[in-house]
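These notes are about the structure you will find just below.
Number of protein chains: 2
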Amino acid sequence: MNDLMKHTVKAFSDELEKLSADVSVMGGLAENAVASAMQAVINRDAELAEQVIEADAEIDKMQREIEKQIIRLLALRQPMASDLRSVIAALKIVADLERTGDLAKSIARRTRVLIKSDPLPLTPAVERMGLLVQGHLHQVLDAYATGETASAVGVWERDEDVDEHYNALFRDVIAQMMEDPSVVGPGAHLLFVAKNLERIGDHATNIAEVIHYVVTGNELKGERPRGPRPELPE
Amino acid sequence: MNDLMKHTVKAFSDELEKLSADVSVMGGLAENAVASAMQAVINRDAELAEQVIEADAEIDKMQREIEKQIIRLLALRQPMASDLRSVIAALKIVADLERTGDLAKSIARRTRVLIKSDPLPLTPAVERMGLLVQGHLHQVLDAYATGETASAVGVWERDEDVDEHYNALFRDVIAQMMEDPSVVGPGAHLLFVAKNLERIGDHATNIAEVIHYVVTGNELKGERPRGPRPELPE
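First to last, the sequence lines map onto chains G and Z. The first sequence begins at 1 in the UniProt record's numbering and counts up by one. The second sequence begins at 1 in the UniProt record's numbering and counts up by one.
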């Protein structure tokens with residue numbers, strides 16, 4: 001290998017490292033958004049909710065910058081095989097993180113409305129669901145940083161826990177809304193908070209699938225091993 | 001240009017054409033899923049709902065196949081400039097279409113539950129919102145096929161119409177739920193049907209942005225020209 005080639009290979013591997021580091025930074029922002037949004041809902045903290053709403057622009061901006069970086073990298077370096085897979089993976093993961101940020105923002109926006117009515121007794125259940133989903137997100141982002149597929153597959157396998165939490169919570173909120181008309185408005189927003197958490201869990205699962213694909217070159221085959229998705233609660 | 005080069009260029013442009021045609025076919029499937037899901041909700045048609053739920057696997061499969069095609073194309077053809085943009089665009093659009101299919105499936109799953117209770121008087125409002133969103137989706141898919149950015153930008157500019165429909169519908173459903181506890185259960189599912197439609201509208205808007213980027217090389221700058229997103233209804 002001559003010096004010019006060595007230089008090119010070194011520059012390319014530096015770029016791939018930078019890409020992966022940037023994705024991790026963006027992941028940290030998304031994680032932080034989810035944690036803060038949940039804190040805002042639980043502590044009825046309007047100021048924190050506004051911070052989450054404002055901070056989402058930073059996540060969106062990072063996605064655009066990383067996408068540009070990826071397109072430049074594809075054009076100039078023309079990566080092959082596992083390098084190409086990891087570049088495409090980064091593109092997919094930042095899309096999941098951008099949506100995660102949006103969903104955190106949506107939770108924060110609902111906080112604005114929720115704090116105008118009396119607190120609902122369901123907060124602990126929402127809090128537990130939030131912690132579960134945050135745990136999944138954290139675990140897949142760790143797996144991305146370390147290339148550890150086992151824990152990514154673990155998240156993928158445990159997505160049904162999130163669905164079960166969601167369905168139980170849905171039933172409880174509906175029951176309270178039926179009992180007391182004054183709960184209907186805030187209850188509806190709480191249903192959407194729970195739905196947003198469930199979607200964030202889905203994005204964590206998507207990221208787990210992408211990591212598995214990058215590391216192994218294979219898809220996690222077929223549907224998740226959870227059997228049919230649980231029926232919607234009535 | 002020698003014969004081998006001519007052959008390579010021809011093969012490459014054939015591949016790009018096939019890619020774009022496949023994306024359009026997938027778009028047709030997604031459009032069809034949304035239309036059928038809405039028909040199932042409106043006509044309380046359980047059989048059609050099941051068909052939509054089943055047919056979603058085909059949309060998911062197309063996404064996986066198109067992604068493989070794209071990765072092969074990036075590895076073997078190493079496209080540059082506008083070709084690279086259009087390949088990345090296809091990758092993003094199929095992600096939006098896959099989610100659109102999921103959202104249609106979710107509407108169909110809610111139909112299962114909705115037909116167990118009395119019909120809500122809000123069906124016409126949901127139907128109108130459905131038609132609006134279907135129109136947007138159709139228009140961006142047309143724009144993709146023709147490379148016509150003007151109509152894509154039109155959809156992007158009119159996304160706020162969808163949001164307004166959604167907010168009005170949200171308020172009406174909540175009012176009915178407060179009046180009559182027996183409406184709470186089905187009403188909550190109807191809220192999610194409306195939310196799913198709003199999200200499908202967002203995906204149409206995303207696709208419009210991607211088309212604009214492919215054709216012009218520029219992003220549709222900044223936030224949508226609709227001012228701040230309307231406040232959530234209480």
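We put the CB at the ideal spot given by N, CA and C, even for glycine.
L120 of chain Z sits away from L191 of chain Z, with the two beta carbons spaced by 8 Å or more.
The C-beta distance from L73 of chain G to M129 of chain G rounds to 38 Å, too long to meet the 8 Å contact threshold. With a cutoff of 8 Å on beta-carbon distance, M177 of chain Z and M177 of chain G are scored as near each other. At least 8 Å separates the beta-carbon of T216 of chain G from that of W156 of chain G.
Nearest Cα to D56 of chain G within the set G:D45, G:V173, G:L16, G:E98: G:E98. Assigned with DSSP and collapsed to three states, S36 of chain G falls in helix. Within 9 Å of the CB of I88 of chain G, the CB atoms of chain Z belong to E67, I70, I71, L74, L91, in sequence order along the chain. For S182 of chain G, there is no enclosing alpha helix (DSSP H), as DSSP marks it with neither H nor E.
Counting C-beta pairs with one atom in each stretch, the region 5-20 of chain Z and the region 92-110 of chain Z have fewer than three that are closer than 8 Å, which means they do not touch. In the DSSP annotation of this structure, the continuous segment of the alpha helix (DSSP H) that includes E98 of chain G starts and ends at 81-114.
Contact fails between the region 68-85 of chain Z and the region 137-153 of chain Z, because fewer than three Cβ pairs, one in each stretch, are under 8 Å apart.
Looking only at G:E58, G:D60, G:V34, the smallest Cα-Cα distance to L48 of chain G is reached by G:V34. E31 of chain Z and Q134 of chain Z have their C-alpha atoms some 7 Å from each other. DSSP places S20 of chain Z in the helix class (H, G or I) of the three-state scheme. Here the C-alpha atom of I174 of chain Z lies approximately 11 Å from the C-alpha atom of S182 of chain G. Listed by position along chain G, the residues whose Cβ is nearer than 8 Å to that of L84 of chain Z are I71, L74, A75.
Between the alpha carbons of E65 of chain G and I59 of chain G lies a distance of about 10 Å. For Q78 of chain G, there is no enclosing alpha helix (DSSP H), as DSSP marks it with neither H nor E. The three-state reading of DSSP puts G130 of chain G in helix, counting H, G and I together.
Contact annotation for M80 of chain G against chain Z: A75 [CB-CB distance below 7 Å, chain order]. In this structure Y213 of chain Z touches A89 of chain Z by the C-beta definition: roughly 7 Å separates them, less than 8 Å. Among the residues facing chain Z, A108 of chain G is not included, as its CB has no counterpart in that chain under 8 Å away.
In this structure, Y144 of chain Z sits near G27 of chain Z, with a CB-CB distance shorter than 8 Å. A distance below 8 Å separates the beta carbons of I207 of chain G and I93 of chain G. G201 of chain Z has its alpha-carbon roughly 11 Å from the corresponding atom of Q139 of chain Z. R112 of chain Z and S82 of chain Z have their alpha carbons spaced roughly 45 Å apart. Between D163 of chain G and E198 of chain G, the gap from beta carbon to beta carbon is short of 8 Å. In this structure, DSSP gives P124 of chain Z a helical state, which the three-state scheme calls helix.
The criterion of a C-beta distance shorter than 8 Å is not satisfied by I211 of chain Z and A125 of chain Z. Check the Cα spacing between A194 of chain Z and each of Z:S86, Z:L131, Z:D96: the tightest is with Z:L131. Close partners of L191 of chain Z in chain G (Cβ separation under 7 Å): A188. In this structure, the CA atom of A40 of chain Z is about 15 Å from the CA atom of S117 of chain Z.
Interface flag for P119 of chain Z against chain G is unset, since no Cβ pair is found closer than 8 Å. Judged by DSSP secondary structure, G154 of chain Z falls within the alpha helix (DSSP H) whose first and last residues are 149-157.
When the Cα atoms are used, L91 of chain G and E67 of chain G turn out to be separated by approximately 6 Å.
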